[in-house]
Amino acid sequence: MSQATTPFPPGFLWGGATAANQIEGAYAEGGKGLSIQDVMPKGIMSPRTDAPTDDNLKQVGIDFYHRYAEDIALFAEMGFTVFRLSIAWSRIFPNGDDAEPNEEGLAFYDRVFEECAKHGIEPLVTLSHYETPLHLTEKYNGWVSRDLIGFYERYVRTVFERYRGKVTYWLTFNEINSMLHFPLMSGGINTPLEQLSKTDLYQAAHHELVASALATRIAHEMLPGSQVGCMVIAAPIYPLTPDPADVVAVMDADHANLMFSDVHTRGAYPGYAERYFRENGIELDITAQDREILTNTADFVSFSYYMSMCETADPARKVAGEGNLMGGVPNPTLKASEWGWQIDPKGLRVVLNQFWDRWQKPLFIVENGLGAKDQLVEVNGVKTVLDDYRIDYLNDHLFQVGEAIADGVQVMGYTSWGPIDLVSASTAQMSKRYGFIYVDRNDDGSGTLERYRKQSFDWYAEVIATNGASLTPA
Ligand code: BGP
Numbered sequence: 001m002s003q004a005t006t007p008f009p010p011g012f013l014w015g016g017a018t019a020a021n022q023i024e025g026a027y028a029e030g031g032k033g034l035s036i037q038d039v040m041p042k043g044i045m046s047p048r049t050d051a052p053t054d055d056n057l058k059q060v061g062i063d064f065y066h067r068y069a070e071d072i073a074l075f076a077e078m079g080f081t082v083f084r085l086s087i088a089w090s091r092i093f094p095n096g097d098d099a100e101p102n103e104e105g106l107a108f109y110d111r112v113f114e115e116c117a118k119h120g121i122e123p124l125v126t127l128s129h130y131e132t133p134l135h136l137t138e139k140y141n142g143w144v145s146r147d148l149i150g151f152y153e154r155y156v157r158t159v160f161e162r163y164r165g166k167v168t169y170w171l172t173f174n175e176i177n178s179m180l181h182f183p184l185m186s187g188g189i190n191t192p193l194e195q196l197s198k199t200d201l202y203q204a205a206h207h208e209l210v211a212s213a214l215a216t217r218i219a220h221e222m223l224p225g226s227q228v229g230c231m232v233i234a235a236p237i238y239p240l241t242p243d244p245a246d247v248v249a250v251m252d253a254d255h256a257n258l259m260f261s262d263v264h265t266r267g268a269y270p271g272y273a274e275r276y277f278r279e280n281g282i283e284l285d286i287t288a289q290d291r292e293i294l295t296n297t298a299d300f301v302s303f304s305y306y307m308s309m310c311e312t313a314d315p316a317r318k319v320a321g322e323g324n325l326m327g328g329v330p331n332p333t334l335k336a337s338e339w340g341w342q343i344d345p346k347g348l349r350v351v352l353n354q355f356w357d358r359w360q361k362p363l364f365i366v367e368n369g370l371g372a373k374d375q376l377v378e379v380n381g382v383k384t385v386l387d388d389y390r391i392d393y394l395n396d397h398l399f400q401v402g403e404a405i406a407d408g409v410q411v412m413g414y415t416s417w418g419p420i421d422l423v424s425a426s427t428a429q430m431s432k433r434y435g436f437i438y439v440d441r442n443d444d445g446s447g448t449l450e451r452y453r454k455q456s457f458d459w460y461a462e463v464i465a466t467n468g469a470s471l472t473p474a
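Right, dumping it as structure tokens:
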């Protein structure tokens with residue numbers, strides 16, 4: 001890529017991505033009910049608590065609930081044309097199974113979308129981002145219950161109607177394939193993974209897949225011109241050695257990850273999934289009506305990309321890495337972030353090509369970024385962060401997106417994860433920072449919540465202004 005040319009097409013959507021529970025705070029304000037995040041103070045890996053506890057940084061988040069106008073203005077200053085955010089289901093239906101929505105919750109997102117419109121920013125809205133209403137977990141064991149499909153349908157009909165004309169792009173479930181790894185966070189399932197039967201696990205996944213396809217159908221009926229995407233974790237898997245047994249191990253691991261997006265894009269379960277269910281005694285309740293609903297395929301496939309991994313058939317070499325939350329074996333050729341997430345820009349080009357070849361659906365990278373510890377410093381009297389490490393990471397990944405586009409892959413847009421510092425999903429820390437904007441809040445909850453532009457702020461603004469022409473080869 002030279003300064004003069006760019007592979008990014010005109011109208012490519014540039015922006016950043018967030019989730020309600022990681023930014024909003026105001027966890028008990030405006031009539032909001034509790035979500036599972038309110039009882040997960042230490043993130044994904046720790047057991048849940050019985051009730052909300054004061055050490056949960058998400059209770060305040062970065063106070064987006066009160067500061068959204070200031071934050072969206074900062075995004076606009078960088079030239080964002082898209083902002084990914086989620087609606088907290090428990091703001092709209094505090095218990096999840098209520099008959100009527102909470103007007104104050106609906107009004108909050110009216111204000112947010114109006115602010116986006118003021119700046120010419122398209123909202124990209126995740127309907128369910130790891131924040132199932134807690135009551136649905138306690139009473140129904142989350143998505144294990146078929147009842148959740150009906151509650152989700154009521155919720156999506158409500159928000160589609162309310163935000164008609166304000167939102168074009170919707171995502172149904174964040175990282176839907178994470179269900180297999182984090183059933184509480186992903187599916188609001190109370191039963192711990194070790195005690196959960198495979199039948200219940202895949203039944204819950206099935207219910208989400210049906211709900212997702214149903215939401216797609218409803219959006220197409222109610223909101224002509226809207227586009228509904230599925231959203232998955234993308235993690236290319238490489239064989240640890242050239243041993244064909246390792247290649248087969250990769251194929252199996254790929255199937256587990258890709259089953260969700262295969263169903264979303266093909267409208268039916270692939271043969272390898274049917275075989276897996278058969279051979280593992282997994283008997284699912286899949287009705288004829290479910291099968292019909294599943295034919296409402298996603299308009300586009302969106303995904304998060306943070307890392308790749310290796311796989312092997314050799315039990316002696318199958319050693320999990322520190323940061324490999326999805327399983328897999330560390331790649332000996334790659335470096336990792338401070339949290340052990342292995343950094344692989346080329347893997348992004350690989351996965352874009354793989355997905356495009358497999359589904360021929362437009363792709364949207366809706367999460368990618370580097371979680372790092374930042375140091376607030378003063379330069380010429382202005383507080384900032386000199387985050388050249390973040391610039392390098394993003395440049396190298398975006399350069400590979402350009403390469404994939406040059407390969408012929410259709411990419412709709414790119415939203416980096418956490419354009420403003422937010423609370424981490426996996427560790428619930430503030431110190432795992434992703435933003436172009438620094439938020440003065442610390443792991444112990446101290447800090448003024450003031451916002452400061454990092455060095456990467458101007459860098460990203462330049463990337464957007466040049467539609468990617470300012471990126472340098474990596
Ligand atoms: C994804 C989640 C996000 C986000 C991101 C970064 O899996 O969809 O919610 O948090 O990962 O992860 P973390 O916050 O753990 O660094």
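With the working numbering, letter number 97 in the sequence shown gets 97, and the count goes up by one each step, no holes.
Backbone N, C-alpha and C define an ideal beta-carbon position, used for all residues, glycine too.
Quantities reported herein were computed from a predicted structural model and do not represent experimental measurements.
DSSP-derived helix/strand/coil call for V385: The residue labelled residue 385 in the question sits at position 385 within the sequence shown. Coil.
Can you tell me whether DSSP reads W339 as helix, strand or coil? Translated into positions along the sequence shown, residue 339 becomes position 339. The answer is coil: DSSP assigns W339 none of H, G, I, E or B.
DSSP state of S2 mapped onto helix, strand, coil: Looking up residue 2 in the sequence shown gives position 2. Residue placement at S2 is poorly supported in this model, since its pLDDT is 43, which falls under 50; the coordinates still yield a value, given next. Coil, per DSSP.
What are the start and end residues of each continuous beta strand (DSSP E) run of 3 or more residues lying completely inside the region 3-27, in chain order? 13-17
Sorted by chain position, which residues of the same chain lie with C-beta nearer than 7 Å to Y155's C-beta, five sequence neighbours on each side aside? Counting from one through the sequence shown, the residue named residue 155 turns up at place 155. W89, I92, F93, listed in sequence order.
How many Å lie between A51 and K32 at the Cα? Taking the first residue of the sequence shown as position 1, residue 51 is located at position 51. Taking the first residue of the sequence shown as position 1, residue 32 is located at position 32. Roughly 15 Å separates the two Cα atoms.
Alpha carbons only, please: which of R453, N177, V319 is nearest the one belonging to D387? As a working note, residue 387 is residue 387 in the sequence shown. Nearest C-alpha to D387: R453.
Residue from R146, H397, H206, L376 with nearest C-alpha to S274: Counting from one through the sequence shown, the residue named residue 274 turns up at place 274. It should be pointed out that residue 274 corresponds to Glu in this sequence rather than to Ser. When each option's Cα is compared against that of E274, the closest is H206.
By Cβ distance below 7 Å, which residues in the same chain neighbour L449 in space, the five residues on each side in sequence not counted? As a position in the sequence shown, residue 449 is number 449, starting the count at 1. I62, D63, V439, D440, R441, listed in sequence order.
Please confirm if the region 189-206 is in contact with the region 225-237, defined as three or more CB-CB distances below 8 Å between the two stretches. no
Can you tell which of Q203, L240, D421, H220 has the C-alpha that lies nearest to the C-alpha of I282? The residue given as residue 282 occupies position 282 in the sequence shown. Selected option, being the one with the closest Cα: Q203.
May I ask you to check if the CB of N174 is nearer than 6 Å to at least one heavy atom of the ligand BGP? Position 174 of the sequence shown, counting from 1, holds the residue named residue 174. Correct: N174 has its Cβ closer than 6 Å to the ligand BGP.
Any idea which residues DSSP pairs I237 with across the strands? Here residue 237 is taken as the residue at index 237 of the sequence shown, counted from 1. According to DSSP, which records beta bridges pairwise, I237 is partnered with M309.
Does the region 348-363 come close enough to the region 407-418 that 3 or more CB-CB pairs lie under 8 Å? yes
Within the continuous beta strand (DSSP E) that includes F83, where are the two ends? The count along the sequence shown starts at 1 and reaches residue 83 at position 83. Where F83 is concerned, the enclosing beta strand (DSSP E) stretches over 82-86.
Only counting the same chain, and skipping five residues up and downstream in sequence, which positions put a Cβ closer than 6 Å to that of K166? Position 166 of the sequence shown, counted from the start, is the residue given in the question as residue 166. Here the set comprises F113.
Does the beta-carbon of V401 have 16 or more other beta-carbons within 10 angstroms, so that it is buried, or is it exposed? Translated into the one-based positions of the sequence shown, residue 401 becomes position 401. Counting Cβ neighbours within 10 Å, V401 comes out buried, since at least 16 surround it.
Do you know how far the Cα of A117 is from the Cα of Q455? Here residue 455 corresponds to residue number 455 of the sequence shown, with the count starting at 1. Here residue 117 corresponds to residue number 117 of the sequence shown, with the count starting at 1. When rounded, the distance between both Cα atoms is 27 Å.
Using only the heavy atoms of the ligand BGP, determine whether one of them is closer than 6 Å to the beta carbon of S304. One-based indexing of the sequence shown puts residue 304 at position 304. Yes, since a heavy atom of the ligand BGP falls inside the 6 Å radius drawn around the Cβ of S304.
DSSP three-state label for Q289, please. Numbered from 1 along the sequence shown, position 289 holds the residue referred to as residue 289. Q289 falls in the helix class under three-state DSSP.
Could you pull out every residue in the same chain whose Cβ sits closer than 7 Å to the Cβ of T427, ignoring the five residues on either side in sequence? Counting from 1 along the sequence shown, the entry for residue 427 is found at position 427. Cβ neighbours of T427 beyond the five flanking positions: G43.
Inter-residue Cα distance where the pair is Y68 and A215: The residue you call residue 68 lines up with position 68 of the sequence shown. The residue you call residue 215 lines up with position 215 of the sequence shown. Approximately 27 Å, taken between the alpha carbons.
Please report how far the alpha carbon of P362 lies from the alpha carbon of F300, in whole angstroms. What you label residue 362 is simply residue 362 of the sequence shown in a count that begins at 1. What you label residue 300 is simply residue 300 of the sequence shown in a count that begins at 1. When rounded, the distance between both Cα atoms is 5 Å.
Coarse secondary structure for R451, derived from DSSP in three states: For the purposes of this step, residue 451 is taken as the residue at position 451 of the sequence shown. If DSSP states are grouped into helix, strand and coil, R451 belongs with the strands.
Using only the alpha-carbon positions, how far apart do M1 and L196 sit? What you label residue 1 is simply residue 1 of the sequence shown in a count that begins at 1. What you label residue 196 is simply residue 196 of the sequence shown in a count that begins at 1. Since pLDDT at M1 reaches only 44, below the 50 mark, its modelled position is unreliable, and no value is offered.
In this structure, how does DSSP classify A461 when only helix, strand and coil are distinguished? Along the sequence shown, read from residue 1 onward, the residue named residue 461 stands at position 461. Correct three-state label for A461: helix.
Taking 6 Å as the cut-off, does the CB of A298 come closer than this to any heavy atom belonging to the ligand BGP? For the purposes of this step, residue 298 is identified with residue 298 of the sequence shown, where counting begins at 1. Answer for A298: no, Cβ out of range of the ligand BGP.
Tell me which residues share the same chain as E462 and place their Cβ nearer than 8 Å to its Cβ, disregarding the 5 neighbours each side in the sequence. In the sequence shown, the residue the question calls residue 462 occupies position 462. Correct list, in chain order: S470.
For M179, which residues in the same chain have their Cβ closer than 6 Å to its Cβ, ignoring the five residues on either side in sequence? Start at 1 with the first residue of the sequence shown, and residue 179 comes out as number 179. Closer than 6 Å at the Cβ level, and outside the excluded window around M179, lie S186, G187, A205.
For I218, three-class secondary structure by DSSP: Residue numbering aside, residue 218 sits at position 218 when the sequence shown is read from its first letter. Reduced to three states, the DSSP call for I218 is helix.
Expressed to the nearest angstrom, what Euclidean distance is found between the alpha-carbon atoms of A465 and F80? The residue given as residue 465 occupies position 465 in the sequence shown. The residue given as residue 80 occupies position 80 in the sequence shown. Taking the straight line joining both Cα atoms gives about 9 Å.
When we look at the beta-carbon of M222 and count the other beta-carbons within 10 Å, is it buried (16 or more) or exposed? Your numbering for residue 222 matches position 222 in the sequence shown. Exposed: under 16 other Cβ atoms inside 10 Å.
Pick from M309, F260, K318: whose alpha carbon is nearest that of L294? For the purposes of this step, residue 294 is taken as the residue at position 294 of the sequence shown. With distances taken between Cα atoms, L294 lies closest to F260.
Three-state secondary structure (DSSP) of P244: Translated into the one-based positions of the sequence shown, residue 244 becomes position 244. Helix.
Quick one: what's got a C-beta closer than 8 Å to V82's C-beta in the same chain, skipping five residues either side? On the sequence shown, position 82 is the one that residue 82 refers to. Counting only Cβ-Cβ distances below 8 Å, and skipping sequence neighbours, we find L13, W14, G15, I121, E122, P123, L124, Y169, G413, T415.
Measuring CB to CB, does M309 end up less than 7 Å from I237? The residue labelled residue 309 in the question sits at position 309 within the sequence shown. The residue labelled residue 237 in the question sits at position 237 within the sequence shown. Yes, Cβ-Cβ distance for M309 and I237 is below 7 Å.
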